[in-house]
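Chains as they are written, first to last, in our numbering: chain A, 377 to 749; chain V, 377 to 749.
Protein chains: 2
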Amino acid sequence: MVEAYLIYASSDREPNLFYWGHFRAPDPFLALKINEKTIAVVSTLEYGRCKKGSTFSEVLLWSDVLQAAVDQAVENNCCKIILHLQKAYQISSFTIPDDFPAHLYETLRKLVPIKFDAVYFQTQRQFKSASEVEQIKTACQLTSQAILYARTILKKSCTDTSQPFLYYRRKVLTSERLRSAIECYCLKKGGHCAGTIVSCSQQAADPHCEGTGPLRANEFIVIDVFPQLNPSGYYGDMTRTFLKGVASLRQKRLFLCVQACQKELIRRIRPGVNTKDLMQFAQNYFEQKGFGLRKTKGICEGFIHSVGHGLGLGLHEYPSVGINSVLLEPNMVFTVEPGLYFHELGGVRIEDVVQVTSTGCQLLSRCPYQWIL
Amino acid sequence: MVEAYLIYASSDREPNLFYWGHFRAPDPFLALKINEKTIAVVSTLEYGRCKKGSTFSEVLLWSDVLQAAVDQAVENNCCKIILHLQKAYQISSFTIPDDFPAHLYETLRKLVPIKFDAVYFQTQRQFKSASEVEQIKTACQLTSQAILYARTILKKSCTDTSQPFLYYRRKVLTSERLRSAIECYCLKKGGHCAGTIVSCSQQAADPHCEGTGPLRANEFIVIDVFPQLNPSGYYGDMTRTFLKGVASLRQKRLFLCVQACQKELIRRIRPGVNTKDLMQFAQNYFEQKGFGLRKTKGICEGFIHSVGHGLGLGLHEYPSVGINSVLLEPNMVFTVEPGLYFHELGGVRIEDVVQVTSTGCQLLSRCPYQWIL
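What follows is the structure, given as structure tokens:
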């Protein structure tokens, strides 16, 4: 008897499943992991491609297995197949991720031993191999080139005396236009972007606002680019905040505070450090400078998100660098992205990616920059 | 006491959640629907943006609710919040989708009345309003422009006498190059693509193969484009199969068979028709022409996928036009995409989007074409 890990998901959406088979499919399919062996059960639509192009140890055809499972006394076809596989591979119990589909779980739990193991699924990808680090580095290099490309456009743009909008090649430079330029740039170099952020002024006060409308002089412009490499699937992630024109004293103070905090955070990263302490450090740092989290007129301002998130086949993965406790270990890879957000002033965020080494960390994204253009 | 629908997901990945609030977020958040009222519970990171930009009736701050829920005797914070909301809104039971996260379900089911309703969540978006149809039409128009753009590139490309590759602007035209051109084209017009298919020759025998390497003369080239409009979130979807050069008799037979089948399918679409019968029709049609589903040397060939899938905020949504039974009703929107795939010959697929009307259907994507270039 053996234990099996079980996933039922689309590998486009579930990096753990993609990690098992390096096979991308838009519709859900079934996969098992028994010791080091991985088994996929896919439809006729995906069968040929999966057999030829995936790294699954074994690829089974859904309709074949369903036929073999005809004796299983359960209505749901997916359950039929799982029960059949249990018998065929002599599986004693199934271990599933927390986000396994609840209805399938509800049917299965009455028929087979099944248990959750969030830690396994959260952490199976946490230590990056040398080749994974290389992929993330490649993605980060692309990200930094894309940021430099955006910077060039901002630098070349100018203002009209009559209004505060930026103009590039005689046309108003909007968030949409700059985003589309950045995303095309990445596409041509094999990186696929979704939701690239180019937000200006008050829009930048919302960290995940993509940004719309004209970019303005003398205001913060936050550019956050996170392309996914095709076909490896690894992400890069980088944010830079620019300002075209003249920065006020308040803007300078805000920017320098975030920049200094990020530098301090990176200096503190090494094995044994608790991510919670990094979060606490950033909170205290901003608090001391008068920029702590607060709610003004029903809106949150100050330092309103966590310090960072794991990066790899997932854009937001383990470890999260927030209020939860995680002890850093070598080859963990995550973003360091403190930011400050104020309704009136906009936002500043600076984000880089680090790999924990045996003694500290190394930056996987590198893009020194002047923020005032 | 009231009943509530409950979702815990990322609205980037769960169209039902996006449908409730028209708010896109990469990380999971909690949302309820009580009669026509929708309530979201989000983190400080998303709170401002969600309050300003979403259509949720009410937006609550996760940390505020958690504080109010301090008395709830359960460890999991998300459960705490749900129990608190149950009390605050006097909720008698929660109804969840099949793919609700299993672990959260397992904790909740011991504390509150909770049930599944796949039909509600599958079908809540099935009848498209006039404005939704307009959005899908816009996305389909973009798709058809992108296909015409790709066709122009193919048409302008030429072959070298020494090898069968296509050349465009003196450089080999690869799947990657044409895909990137198509995706940039869509991006500039507000459509976001992922996984656009440009597959040639034997690669086209796998319907979901994205395609790599040089495109070849005298071979099928399948182009499948499915951009998502930003910010509305609606998809277009269209496939055309081209051939640059001279088609063999077998290639012509295959193409004309798929084309005729698609025409027949579209002619059969009207309210009251069972999608299963459309699937059966296509299967019989291909079978009679000698192109039925078969397994050759362990690989599936012939008609290896379903006739189509619903289209809207999701790329693959309800209704599926396959082996399951669904009675068509006015304002359902789905793709009609028969295809034939043979290992040696490659593949042919032709795909358009239709809206069921009171008497038949109307094409939302329109792109008449010559397939031999």
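Think of the CB as a built atom: it goes at the ideal place given N, C-alpha and C, for glycine as much as any other residue.
The Cβ atoms of V:Gly621 and V:Leu524 lie no closer than 9 angstroms to each other. With respect to V:Asp403, V:Leu382 sits apart: the two C-beta atoms are not nearer than 9 angstroms. Beta-bridge partners assigned by DSSP to A:Gly715: A:Arg725.
Taking C-beta separations shorter than 6 angstroms and ignoring five residues to either side along the sequence, the partners of V:Ser608 in its chain run Gln511, following chain order. Within 8 angstroms of the CB of V:Ser624, no CB atom of chain A is found; the nearest one sits about 22 angstroms away. Residue pairing for A:Cys737: DSSP places it in a beta bridge opposite A:Val732. A:Glu727 and A:Asp613 do touch by the CB rule: their CB atoms are close to 6 angstroms apart, below 8 angstroms.
Straight through space, the alpha carbons of A:Gln635 and V:Asn700 are spaced by roughly 57 angstroms. V:Val683 has no beta-bridge partner at all, per DSSP. For A:Gly424, the chain V residues whose Cβ falls inside 7 angstroms of its Cβ are Ala581, Asp582, Ile675, Cys676, in order along the chain. Inter-segment contact for the segment 493-505 of chain V and the segment 666-680 of chain V is absent: fewer than three beta-carbon pairs are separated by less than 8 angstroms. DSSP, read as helix, strand or coil, puts A:Asp440 in helix. Close to chain A, meaning a Cβ-Cβ distance shorter than 7 angstroms, are the following residues of the segment 546-576 of chain V: Ser556, Glu559, Cys560, Leu563, Lys564, His568, Ala570. Three or more beta-carbon pairs separated by less than 8 angstroms link the segment 473-487 of chain A to the segment 481-496 of chain V, which places the two stretches in contact. Boundaries of the beta strand (DSSP E) around V:Glu677: 675-677.
Boundaries for V:Phe541: no alpha helix (DSSP H) harbours it, and the DSSP string shows neither H nor E there. Taken through DSSP and simplified to helix, strand or coil, A:Ala380 comes out as strand.
Against chain A, the beta carbon of V:Asp493 has no neighbour under 9 angstroms; the closest one sits roughly 10 angstroms away. Cβ atoms of V:Phe602 and V:Tyr610 stay farther apart than 8 angstroms, at about 11 angstroms. Relative to A:Ile415, the option among A:Cys585, A:Val378, A:Trp396 whose CA is nearest is A:Trp396. Ranked by Cα distance from A:Ile472, the options A:Pro590, A:Gln498, A:Cys585, A:Asp536 are led by A:Gln498.
The beta-carbon of V:Phe476 is placed less than 9 angstroms from the nearest beta-carbon of chain A.
At least 9 angstroms separates the CB of A:Cys455 from every CB of chain V. Counting only runs of 3+ residues, the beta strand (DSSP E) found wholly inside the segment 604-686 of chain A occupies 614-619, 670-672, 675-677, 684-686, in chain order. Within the segment 386-406 of chain A, those residues whose Cβ lies closer than 7 angstroms to any Cβ of chain V are, in chain order, Arg389, Ala401, Pro402, Asp403. Put simply, of A:Leu461, A:Arg644, A:Leu630 the residue whose alpha carbon is nearest the alpha carbon of A:Gln664 is A:Leu630.
With contact defined as three or more Cβ pairs closer than 8 angstroms, the segment 688-695 of chain V and the segment 592-599 of chain V are not in contact. At a cut-off of 9 angstroms, the C-beta of V:Tyr525 has no neighbouring C-beta in chain A. Distance from the CA of A:Glu705 to the CA of A:Thr711, rounded to the nearest whole angstrom, comes to 15 angstroms.
For V:Phe497, the enclosing alpha helix (DSSP H) covers residues 494-499. Counting only the Cα atoms, A:Tyr384 lies some 38 angstroms from A:Ala580. In this structure, DSSP gives V:Cys562 a helical state, which the three-state scheme calls helix. The C-beta distance from V:Cys737 to V:Arg646 rounds to 7 angstroms, short enough to fall under 8 angstroms.
Listed by position along chain A, the residues whose Cβ is nearer than 9 angstroms to that of V:His479 are Ile472, Pro473, Asp474, Asp475, Phe476, Ala478, Tyr481, Phe492, Ala494.
Chain-order list of chain A residues neighbouring V:Leu421: Pro583, His584, Ile680, His681, by C-beta distance under 7 angstroms.
Remark: C-beta atoms of V:Lys427 and A:Ile675 approach each other more closely than 9 angstroms.
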